[in-house]
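Asker: Heads up, this note's numbering is the position in the sequence shown plus 1017, with the first residue counted as 1. Before I ask anything, let me first share the structure, which is written out below as structure tokens.
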Amino acid sequence: MIRHPHAGEEARRLAEAGTVLLTQVGSGVHGTALAGQDDRDELGLCLEPVEFVTGLARVRTPGGREIPFEQYELHTAWARPRGLAEKSGPGDLDVVVYSARKWARLALAGNPTVLLPLWVPDTEVVAVTDAGRELRENAHRFASRTTGRRFLGYLRSQRAAFLGERGRRAAVRARRSGPGYAPKPATHALRLGLQGLELLRTGRVTLPVPGPELDALRSVRRGEWALRDVEAWVADLEADLLAAVGASDLPESGDRAWVDGWLMRSHQEFWAR
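So this is what it looks like as structure tokens:
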């Protein structure tokens, strides 16, 4: 039995019954995946039954506890012998479906990952309802300087992953046959910089990453760039992103009033059905 608190049957049933939007996310939609080297990531959101919103209903975890419903997770790697200790690898599927209310909190806080379903191409949409389509049509309501700052924060986190202690350990392994740095977090840092700049300048993010920048990101992912060149590009993007946060015409925060209205209206329609 998989004993992760968000992997229970009750959570799965709630997520499947209430899903309004589910899309592919991760390297597959950014365009930076390499054949045979990546898992598939999907992320979505669901509406909850009335008793979970207005009452005290809870879901039972695989361990027998009762907790508020916030999300459901499926990771095929967990079915292997080491269970939760197994890391996802090529061919694995990772799915996270948030409650719509938790997703909205994260999205308004500017979380780059949870915002991806708003921008993915139609071909990457796994499931969508009218409520989910309305959300995607109003993606601009989540664009803000706060979101830009979160992209900057995520860039810095990924930079630390390939330049900090974890990055140094990966670099030691990579020097034996690779570029001397960890290509995947380096690619993520660069991609976040490019996407954060586009968001602050245009109010949206294009997926996959467009133009010659995508070719450059794939080259970094394959370990074809020298470390000093990767560091220089990351530093340039960080400086540009910091400046763009101050110069952007976007509002300071997302449109919370619209999001509140969408949540209330969508739940009421869901309950009526």
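Don't be surprised by glycine CBs; every beta carbon is placed ideally from N, CA and C. As the structure is a prediction and not an experimental result, all values here were calculated from the model.
Alpha carbon to alpha carbon, what distance is there between Ala-1052 and Leu-1207?
Answerer: Here residue 1207 is taken as the residue at index 190 of the sequence shown, counted from 1. Here residue 1052 is taken as the residue at index 35 of the sequence shown, counted from 1. Going by the C-alpha atoms only, they are around 20 Å apart.
Asker: Since I believe Gly-1061 is in contact with Val-1114 (beta carbons under 8 Å), could you give me their beta-carbon distance rounded to a whole number of angstroms?
Answerer: By one-based count along the sequence shown, residue 1114 stands at place 97. By one-based count along the sequence shown, residue 1061 stands at place 44. With 8 Å as the limit, Val-1114 and Gly-1061 qualify as a contact, their Cβ atoms being about 5 Å apart.
Asker: Is the stretch 1216 to 1230 touching the stretch 1065 to 1077 in the sense that three or more CB pairs, one from each, lie closer than 8 Å?
Answerer: The stretch 1065 to 1077 vs the stretch 1216 to 1230: no contact.
Asker: If you run the structure through DSSP and keep just helix, strand and coil, what is Thr-1040?
Answerer: In the sequence shown, residue 1040 corresponds to position 23, counting from 1. Three-state result, Thr-1040: strand.
Asker: Indicate the three-state DSSP secondary structure (helix, strand or coil) for Asp-1109 in the structure shown.
Answerer: Sequence index remark: in the sequence shown, residue 1109 carries index 92 (1-based). Residue state, collapsed to three classes: coil.
Asker: Only counting the same chain, and skipping five residues up and downstream in sequence, which positions put a Cβ closer than 6 Å to that of Thr-1093?
Answerer: Indexing the sequence shown from 1 puts residue 1093 at position 76. So the list reads Asp-1109 and Leu-1110, once near-sequence residues are dropped.
Asker: Under 7 Å, do Arg-1162 and Ser-1265 count as touching if we go by C-beta distance?
Answerer: By 1-based counting over the sequence shown, the position of residue 1162 is 145. By 1-based counting over the sequence shown, the position of residue 1265 is 248. Contact: yes.
Asker: Return the chain-ordered ranges of every alpha helix (DSSP H) run that is complete within the stretch 1094 to 1150 and spans a minimum of 4 residues.
Answerer: Qualifying alpha helix (DSSP H) stretches, in chain order: 1117 to 1125 and 1129 to 1132.
Asker: Would the stretch 1156 to 1176 count as touching the stretch 1260 to 1274 if we require 3 or more Cβ pairs under 8 Å?
Answerer: Touching, per the Cβ criterion.
Asker: Identify which residue in Leu-1209, Pro-1134, Arg-1167 and Gln-1212 has its Cα closest to the Cα of Val-1112.
Answerer: Walking along the sequence shown from the start, residue 1112 turns up at place 95. Answer by Cα proximity: Pro-1134.
Asker: Would you report the Cα separation of Pro-1022 and Val-1142, rounded to the nearest angstrom?
Answerer: By 1-based counting over the sequence shown, the position of residue 1022 is 5. By 1-based counting over the sequence shown, the position of residue 1142 is 125. Computed Cα separation, rounded: 27 Å.
Asker: With a CB to CB cut of under 7 Å and the five nearest residues on each side skipped, what residues in its chain are close to Trp-1275?
Answerer: Taking the sequence shown and counting its residues from 1, the one referred to as residue 1275 is at position 258. So the list reads Asn-1155 and Arg-1158, once near-sequence residues are dropped.
Asker: List the whole-angstrom C-beta distance separating Leu-1132 from Leu-1258, where the pair is believed to meet the contact cut-off of C-beta under 8 Å.
Answerer: Start at 1 with the first residue of the sequence shown, and residue 1132 comes out as number 115. Start at 1 with the first residue of the sequence shown, and residue 1258 comes out as number 241. That pair is no contact at about 16 Å.
Asker: Report yes if the C-beta distance between Gly-1210 and Leu-1172 is below 7 Å; otherwise report no.
Answerer: Numbered from 1 along the sequence shown, position 193 holds the residue referred to as residue 1210. Numbered from 1 along the sequence shown, position 155 holds the residue referred to as residue 1172. In this structure, Leu-1172 lies closer than 7 Å to Gly-1210 by Cβ.
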